[in-house]
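Q: There's a structure below that I have some questions on.
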Amino acid sequence: MGNVIGIGASPKRKEDQRFLTGRGNYVSDIKRPGMTAGVFVRSPHGHAILRGIDKAAALTAPGVIAVLTGEDVAADKLGSLPCGWGISDAKGVPMKEPPFPMLAQGKVRFVGDMVAFVIAETPEQANAAAELLTVDYEVLPSVVGVLEAVRPGAPQLFDDVPNNICCDWELGDKAAVETAFRKAAHVAKLSLVNNRLIGNPMEPRAAIAEYEPGTDRFTLWTTSQFPHVVRFLMGALVLNIPQHKLRVVAPDVGGGFGVKQFHYGEEAVITWAAKRVMRPIKWVASRSEGYVSDRHGRDHVTEAELALDETGKFLAFRVNTLANMGGYLSTFGPNIPTNLYGPLLGGVYMTPAIYCNVKVVFTNTVPVDAYRGAGRPEATFVLERMVDVAASEMGIDRVEIRRRNMIPKEAYPYQTPVLVQYDSGDPMGCLDGALVAADVKSFGIRKAASASKGKFRGLGYSTYVEACGLAPSRFAGRLGARGGLYESATVRVHPTGQVTVMIGTHNHGQGHETTFAQIVSEKLGVSFEDVDIVFGDTDRVQFGMGTYGSRSLVVGGAALSKATDKVVAKGRKIAAHLLEAAEVDIQFEAGQFSVAGTDRMKTFEEIAGAAYVPHNYPLEVLEPGLEEQAYYDPINFTYPGGCHIAEVEVDPETGTVTLVNYTAVDDVGTVINPMIVEGQLHGGIVQGVGQALFENAVYDEGSGQLLSGSLMDYCMPRADHMPMMKVSTHSTLCTHTPMGVKGCGEVGTIGSPAAVINAVVDALSHLGVTHVDMPATPNRIWRLLQNASLPVAAE
Amino acid sequence: MKPFAYHQPNQIPDAAKLLVSIEDSKLVAGGMTLIPTLKQRLASPVALVDLSKLGNLKGITDDGATITIGAMKPHAVVAASKLVQAKIPGLAALASMIGDPAVRNRGTIGGSVANNDPAADYPAGVLGLGATIVTSTREIVADKFFLGLFETALEPGEIITAIRFPVPIKAGYAKFKAPASRYALVGVFVAQFADGVRVAVTGAGSGVFRVPPMEAALWQNFDPSAIAAIKIDTDGLTSDIHAEADYRAHLVTVMAKRAVDAALS
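These protein sequences, in sequence, are chains A and B.
Residues 629 to 1423 in this note's numbering are what the first sequence lists, from first letter to last.
Residues 0 to 264 in this note's numbering are what the second sequence lists, from first letter to last.
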């Protein structure tokens, strides 16, 4: 019996030993013999015809090995970067899917679009040569905003995509919604913008590619959240490399947030180029390069309307959104503002009819794709702002209107009118808990204290639900997914009883090496220290879909749980043989197999030893060895949710919003490691606060230049922006995942923007302010106050 | 970063000679602006002349009526200096608000003043206190030194050796930090002397400037209320993604009031 640290414990994170002592192994730490350096030449224009590229000067620069362009890609007949989702409009017409060449061909469509790859002996030589490349551009007008892109006469990105509309998607019963609106006692309306975001993981993207002629094998080391998917998309669809000849390794990765869950052109170019030059190549993005090439997030313009009866009950909800896709379709691009957005518009409410139309629009900006929360923060923001607007217009308290419409705990499972069925939840319980934790009762006293200093104080609620644990493959397939979304785990028990787990998820900050080890320790009764988690290498891990969509514990953990069950089942057979008992009489508890009602037992280590030294072993009916594998495909999404309450103070003199209190009570199902869950919630909330108050990706209309292309201009949230957060859980168990888990990676980011903005609006409501767009910057607040009808003074 | 030659002279005349004789050479003090520019390949000087080994550029001296700070004095040291805190607390406070700890430990007063970034803090303190810039060849009063956007009165080969600050009766600095960069979106330095009041603004326009109407009003009554109604013309003020010109103009008044408050506290 070793040191079991199981479910519900909070051991310190195993992986932090190497991270905190500088012994992590990131892509840029890796050096290969004979390694060269690659640099991408990117378009400085938002929109231009590519007339030609003169390589001559660059090719003769010192140290240059090769210069590759779109013409070389075309000559080698390589594929386009694939989109993993194919959505359709109401008539079933598939989305427009123009090719996304890995190096631009004919045209560039955003600042940062890649036009060439320069390979030299050193990064300095590659950079110097890149500056010698002469690219002949015929500059065209750019269009960067969705409203502008769909207007008649707007610049057209693709000849065969009229009005830049990729897909005119819809969900829900339009007629039922129209009927309900006609009967409504009140209709509340809201126009809002969901601001464009840039992920900014601490580690910039990087890749190394190598080709071994002896085995005809390629290896790609890349900063990826899903190496097996990169192997599939790049090998099978872009470069025509058979899967068994391609190894993709994603070692330690310094943060993802979605930015690293796509197959990028850089990965394909560098892998293709490595064979052409027969040398390993390394590319490491600069921070500035990341700003114009990492996929961006959000960027919606929305009109929403809520129909209510005279008591404030929601009758119908109608949402029309224009969603920015950027210059091309990225891996999950069109799925985010559609399938991960529309189905969440029911929220935690019993709205009987919902209709959502999303026009997915191309613009001359970096492709937009999933960013932590991905679609669900956008849906939550629309709905939770809408509820506040309706409450204010009808003179109903904001908490009360939520209570009147909330799905009661007893009503689960609850079928929404927008595809999804919530299996479990207790939104009222989360709300009640948060009201107490946030000390809402005494808010009036705090508001008066702020007023005495000339400040406006506001309180904001967000009672939200999300769908995660991506994803049930059958369901996703119906929605347009072009792949499966299961997960796999192998549990390898060594002859001495230690355990190595090979799992298809990827750990880049989430603490999987700790959480998954706790699951194994609990289920097999082995020491926490005796479990290692292996991930991120297609040569070591059987298969996997990676980490995104709060899926690692929900889907990967379930596969791991199933695989450990198989280990125990086999161990029981071995124990029955050794203990000369019937299999049904073998009990397994706390790492010991025993015969029920006797003191005869074998330890887990003894069983492992017997499996690998099968002298006394039922070889006729049982294979030696103790290693089991499981694949798990969920039957439904999971639906974490909760209640977030933000409290802000506004300085009317400068327009500065200060977040003074933040409370979250979340339902994330079973909690494996409370410390790690708390950390995930903290990080998620800070990211949502970043969107609400600070972050904004700004493009110049016309030129397509990114104006917020550095940390000097793009404001990331910092420690001194945050108060101490009060975070707790109020969990109901998921009814269909093996351990009752729901996932927690994105909840903070999903619940928080609406809570913060609702608080800002509350603080300014006495001045007639009804909405504030994100980010609520000092300049924006000051402008609102200038325009407000009442004089700027504290009450 | 592109390759460059690197010189580390021991004497000011040697440094000046290198600067004049090597075309496209640059001085480097703390390097807090220059090094990032080099790393981004936005500048490619042929040679860097490092000032860190020059003698006598790191002292802080007090002659009663003035405080003289050596050009190579890092912001953190000025912020923590008991002498500066006692004689011109507003200046110590200004130094403590520059950048972040890493910048304050490397960045120097001479580098900041010579660079004359339109959103840097020190130019407001130097102009607001009516300081004198002491160089390798002469002395320049602050009113003649700052010539707008990254431009100064420095001649080729001229090196700042110290800044001499007259000790005011009272002085204060208030800064509205740009949320991302933490440069001054608007910073205002206010100083009261026996013969007048000076108000200098950084961050709002293309370079540091004075506000005579506020100076006159504060000379009559050194109190925030004296300037509360004084509006700044938006002409020449910066409008960018962080703040529009009229918001910056508004902030000048707010920060000036807070600077007076700071001076009085």
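Using N, Cα and C, we set each Cβ at its ideal position, and we do this for glycine too.
(1) Which residues in chain B have a C-beta closer than 7 Å to the C-beta of Ile992(A)? List them in chain order.
(2) Spell out whether any CB of chain A is found under 8 Å from the CB atom of Ser205(B).
(3) Quick one: any contact between the segment 1329 to 1337 of chain A and the segment 1242 to 1261 of chain A, if contact means 3 or more CB pairs under 8 Å?
(4) Applying the 10 Å Cβ sphere with the 16-neighbour rule, what's the burial state of Asn868(A)?
(5) Between Leu127(B) and Phe188(B), how many whole angstroms is the CB-CB distance? I'm expecting something under 8 Å.
(6) First and last residue of the alpha helix (DSSP H) that includes Tyr246(B)?
(7) Going by other Cβ atoms of all chains shown within 10 Å of its Cβ, with 16 needed for buried, is Gly1082(A) buried or exposed?
(8) At what residues does the beta strand (DSSP E) containing Asp796(A) begin and finish?
(9) Would you mind sorting Pro117(B) into buried or exposed? The rule is 16 or more other CB atoms within 10 Å of its CB.
(10) Taking the beta carbon of Gln645(A) as the centre, do at least 16 other beta carbons fall within 10 Å, making it buried, or is it exposed?
(11) Can we say the segment 187 to 207 of chain B touches the segment 1360 to 1374 of chain A, given the rule of at least three CB pairs closer than 8 Å?
(12) Please list the residues of the segment 165 to 185 of chain B that have a C-beta atom closer than 7 Å to any C-beta atom in chain D, keeping them in chain order.
(13) Measure from the C-beta of His292(B) to each C-beta in chain A and report whether the shortest distance is under 8 Å.
(14) Check whether chain B comes within 8 Å of Tyr1342(A), counting only Cβ atoms and requiring the distance to be less than that.
(15) For Trp797(A) and chain B, any beta-carbon pair shorter than 8 Å?
(16) Can a CB atom of chain A be found closer than 8 Å to the CB of Gly40(B)?
(17) Over what stretch of residues does the beta strand (DSSP E) that includes Tyr983(A) continue unbroken?
(18) Suppose only complete runs of 4+ residues qualify. What are the alpha helix (DSSP H) ranges in the segment 828 to 869 of chain A, listed by chain order?
(19) Relative to the C-alpha of Gly1184(A), which candidate in Leu1063(A), Leu706(A), Thr1133(A), Met1229(A) has its C-alpha closest?
(20) Using 10 angstroms around the beta-carbon of Arg875(A), count the other beta-carbons present and answer buried if the total reaches 16, otherwise exposed.
(21) Grab the span of the alpha helix (DSSP H) containing Ile1385(A) for me, first residue to last.
(22) Starting from Tyr765(A) and walking both ways along the alpha helix (DSSP H), at which residues does that stretch end?
(23) Considering only the beta carbon of each residue, do Leu955(A) and Asn985(A) sit closer than 8 Å?
(24) Using a Cβ-Cβ distance cut-off of 8 Å, determine whether Ala242(B) contacts chain A.
(25) Name, please, each residue of chain A whose Cβ falls closer than 8 Å to the Cβ of Val253(B).
(26) Figure out for me which residue from Ala1391(A), Leu1309(A), Val1384(A), Val739(A) has the closest Cα to the Cα of Gly1001(A).
(27) Within the chosen definition, does the segment 958 to 969 of chain A reach the segment 761 to 768 of chain A through at least 3 CB pairs nearer than 8 Å?
(28) In the DSSP assignment, what residue or residues form a beta bridge with Thr134(B)?
(29) Over what stretch of residues does the alpha helix (DSSP H) that includes Ala265(B) continue unbroken?
(30) Counting only Cβ pairs nearer than 7 Å, list the residues of chain B close to Phe1221(A).
(31) My assumption, with CB atoms under 8 Å, is that Asn1386(A) sits in contact with Glu1012(A). Please give the rounded CB distance.
(32) So Gly666(A) and Phe745(A) are in contact, right, with Cβ under 8 Å, and what is the actual spacing, rounded?
(33) Of all Cβ atoms in chain A, is any one closer than 8 Å to the Cβ of Tyr246(B)?
(34) Can you check DSSP and say which residues form a bridge with Thr151(B)?
(35) Within this structure, are the beta carbons of Val866(A) and Leu709(A) separated by less than 8 Å?
(36) Flag this pair as yes or no: are the beta carbons of Asp1294(A) and Thr1377(A) separated by less than 8 Å?
A: From the atom records:
(1) The amino acid at residue 992(A) is misidentified as Ile; the sequence shows Asn. The contacting residues do not exist; Asn992(A) stays about 18 Å from chain B at best.
(2) no
(3) no
(4) exposed
(5) For the sequence presented, residue 127(B) should be read as Gly rather than Leu. Between Phe188(B) and Gly127(B) the Cβ distance is about 3 Å, and since that is below 8 Å, they are a contact.
(6) 244 to 263
(7) exposed
(8) 793 to 800
(9) buried
(10) exposed
(11) no
(12) Of the protein chains in the structure, A and B, none is chain D.
(13) Outside the shown range of chain B (0 to 264) lies residue 292(B), about which nothing can therefore be said.
(14) yes
(15) no
(16) Correcting the residue type first, residue 40(B) is Arg in the shown sequence and not Gly. Judged by the 8 Å Cβ criterion, Arg40(B) is in contact with chain A.
(17) 981 to 990
(18) 855 to 858
(19) Thr1133(A)
(20) buried
(21) 1375 to 1392
(22) Counting along the chain, Tyr765(A) falls outside any alpha helix (DSSP H), though it belongs to the beta strand (DSSP E) covering 762 to 767.
(23) Inspection of the sequence shows that residue 955(A) is occupied by Gly rather than by Leu. Going by C-beta atoms, Gly955(A) is not nearer than 8 Å to Asn985(A).
(24) yes
(25) Glu1281, Thr1282
(26) Leu1309(A)
(27) no
(28) Ile159(B)
(29) The structure shown has nothing for residue 265(B), since chain B only spans 0 to 264.
(30) Those within 7 Å of Phe1221(A) in chain B number zero; the least Cβ separation is about 58 Å.
(31) 7 Å
(32) 6 Å
(33) yes
(34) Phe145(B)
(35) yes
(36) no
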